[in-house]
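The listed protein sequences derive, respectively, from chains A and B. Mapping to my numbering: the first sequence position 159 is 156, numbers consecutive. Mapping to my numbering: the second sequence position 126 is 123, numbers consecutive.
2 protein chains.
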Amino acid sequence: MSKLRFRISMSLDGFVAGPHQSKEDPLGVGGMRLHEWVFPLEVFRKMHDMPGGEVNESSLVVKEAFENIGATIMGRNMFGGHPGPWNSAKPWNGWWGDNPPFHTPVFVITHYEREPLVLKAGNSFTFVTEGLAAALQQAKVAAGGCDVSLGGGAQVARGYLREGLIDEMTISLVPILLGSGERLFDDTGEDLQGLELVRTIATRDVIHLRFARAG
Amino acid sequence: MSKLRFRISMSLDGFVAGPHQSKEDPLGVGGMRLHEWVFPLEVFRKMHDMPGGEVNESSLVVKEAFENIGATIMGRNMFGGHPGPWNSAKPWNGWWGDNPPFHTPVFVITHYEREPLVLKAGNSFTFVTEGLAAALQQAKVAAGGCDVSLGGGAQVARGYLREGLIDEMTISLVPILLGSGERLFDDTGEDLQGLELVRTIATRDVIHLRFARAG
């Protein structure tokens, strides 16, 4: 069965992005510090056509996150650009240029209708205005038996978590403080909706906590 | 040199106590869930004069927390009782009865003066009204070359963290959500004040993240 899987980097104080996210600073002030553990990895460098790089215990976690993924879901804020209705005169086509790193159909949850956007190398963006469950249903069909990756951001992830729709979640806990920004677990209730810690991979720079459904 | 050491259990969403802390419910609603990993341990049961119990990877962490401790610091809220000036007609002498588990001089940070309280088995409580640094100084003298344990709660711990006065910190991360309550890292800034992750001990129920000063 197709699963909804989610991996995200979070600071010790619970933030998944720094404050003041903007077009110029999409991860917010200091937000890049959450991702420093991934940049030296060979598996990351390969994805971005760069040679060399390290192999360590985090390599497996990055590799796994991209395995068997047939579709991707993200929120409007993660797709980025501007708030409100889409500007068709000067369309925002995402942060990633002509060749985004998803290589799957991507479903963007938004309040505003827009025609699908097709880019290079298997990347397409479909804009879903019917909510989280509808986006998941469309993504699962598109995934054709493979899993669906939940890209973020925090708001959309919280919604899927509260609805109990996430089947696997990996929190890559980075032992730093961001002080402010976007919290992942904010008003998410007392219930992990059946998710249990099933594996911990610890390095000096990041601790990967993998949660899955029991049984 | 005498160190200030701090160990606390924290939920995945960052809470170290549940909401609605009261005399009847000192850990707040659901707060007991943060400590379930410790109760089955032999090392914990022994401290409370109970036979039997488990030995697992968490045993070391509990054992370490009590080793080489010569004094303890806590906030007024952790000592408990009532807000405002001390009621000398009906004195509150802590949660722990005649024989508290500290067996060291304890320094309680409060806004209200009070005579020291001496209980059984090496337990005494001194009430410090001159602030965090003064309490630490008195505790270090009392510790006589041993370390000082910072008991909590969250507010006092945040204060010592912001001042850069904590030398070792172990966060026992419990993979559950509490949803609300007292957050440890709340407005603690972007700086761990020289503390770095130096060890992770992972079990299914709790992940112990130990921070210490580099060098």
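Ideal Cβ placement from N, Cα and C applies to all residues, glycine included. Since we're looking at a predicted model, the values are computed, not measured.
Distance CB(residue i)-CB(residue j) smaller than 8 Å
{"i": "Val138(B)", "j": "Ser8(B)", "result": "no"}
{"i": "Pro16(A)", "j": "Ser177(A)", "result": "yes"}
{"i": "Gly150(A)", "j": "Leu129(A)", "result": "no"}
{"i": "Gly28(A)", "j": "Phe41(A)", "result": "no"}
{"i": "Leu189(B)", "j": "Leu174(A)", "result": "yes"}
{"i": "Pro113(A)", "j": "Thr126(A)", "result": "no"}
{"i": "Ala209(B)", "j": "Glu193(B)", "result": "yes"}
{"i": "Gly94(B)", "j": "Pro23(B)", "result": "no"}
{"i": "Ser19(A)", "j": "Cys143(A)", "result": "no"}
Spatial neighbours of residue i in its chain, beta-carbon cut-off 8 Å, leaving aside the 5 residues before and after
{"i": "Thr101(A)", "result": "Ile66, Gly67, Ala68, Thr69, Gly119, Asn120, Ala139, Ala140, Ser146"}
{"i": "Ala62(A)", "result": "Arg2, Arg4, Ser146, Thr167"}
{"i": "Val203(A)", "result": "Ser6, Trp34, Ser55, Ser169, Leu170, Val171, Pro172"}
{"i": "Leu38(A)", "result": "Gly50, Glu51, Val52, Asn53, Ser55, Ser56, Val59"}
Residue i, buried or exposed, once every other Cβ within 10 Å from all chains shown has been counted against 16
{"i": "Ala86(B)", "result": "exposed"}
{"i": "Ala131(B)", "result": "exposed"}
{"i": "Glu179(A)", "result": "buried"}
{"i": "Met71(B)", "result": "buried"}
{"i": "Phe12(B)", "result": "buried"}
{"i": "Phe99(B)", "result": "buried"}
{"i": "Ala211(A)", "result": "exposed"}
{"i": "Asp10(A)", "result": "buried"}
{"i": "Glu165(A)", "result": "buried"}
Nearest-angstrom Cα separation, counted from residue j out to residue i
{"i": "Arg196(B)", "j": "Pro97(A)", "result": "37 Å"}
{"i": "Ile163(A)", "j": "His79(A)", "result": "28 Å"}
{"i": "Gly81(B)", "j": "Ile106(B)", "result": "13 Å"}
{"i": "Ala199(A)", "j": "Met75(B)", "result": "32 Å"}
{"i": "Arg215(A)", "j": "Gly91(A)", "result": "The shown model of chain A, from -2 to 212, leaves out residue 215(A), and the question about it has no answer."}
{"i": "Asn84(A)", "j": "Val26(A)", "result": "26 Å"}
{"i": "Val153(B)", "j": "Phe182(B)", "result": "12 Å"}
{"i": "Gly161(A)", "j": "Thr185(A)", "result": "11 Å"}
{"i": "His205(A)", "j": "Pro88(A)", "result": "37 Å"}
{"i": "Arg201(B)", "j": "Leu116(A)", "result": "43 Å"}
{"i": "Glu110(A)", "j": "His108(B)", "result": "58 Å"}
{"i": "Gly148(A)", "j": "Arg207(A)", "result": "16 Å"}
{"i": "His45(B)", "j": "Glu64(B)", "result": "16 Å"}
{"i": "Phe36(A)", "j": "Phe36(B)", "result": "41 Å"}
{"i": "Lys43(A)", "j": "Pro48(B)", "result": "56 Å"}
Contacts around residue i, its chain only, beta-carbon distance under 7 Å, and the 5 residues preceding and following it disregarded
{"i": "His298(A)", "result": "Outside the modelled stretch of chain A, which goes from -2 to 212, sits residue 298(A), for which no answer is possible."}
{"i": "Leu158(A)", "result": "Thr185, Gln190"}
{"i": "Glu21(B)", "result": "none"}
Own chain partners of residue i with C-beta closer than 6 Å, once the 5 adjacent residues on each side are dropped
{"i": "Phe104(B)", "result": "Ile70, Thr123, Val125, Ala132, Gln135, Ala136"}
{"i": "Arg30(A)", "result": "Ile173"}
{"i": "Ala14(B)", "result": "Leu24, Gly25, Gly28, Gly178, Glu179"}
Chain E within 8 Å of residue i, Cβ atoms only
{"i": "Ala211(B)", "result": "In summary, chain E is missing from the structure at hand, where the protein chains are A and B."}
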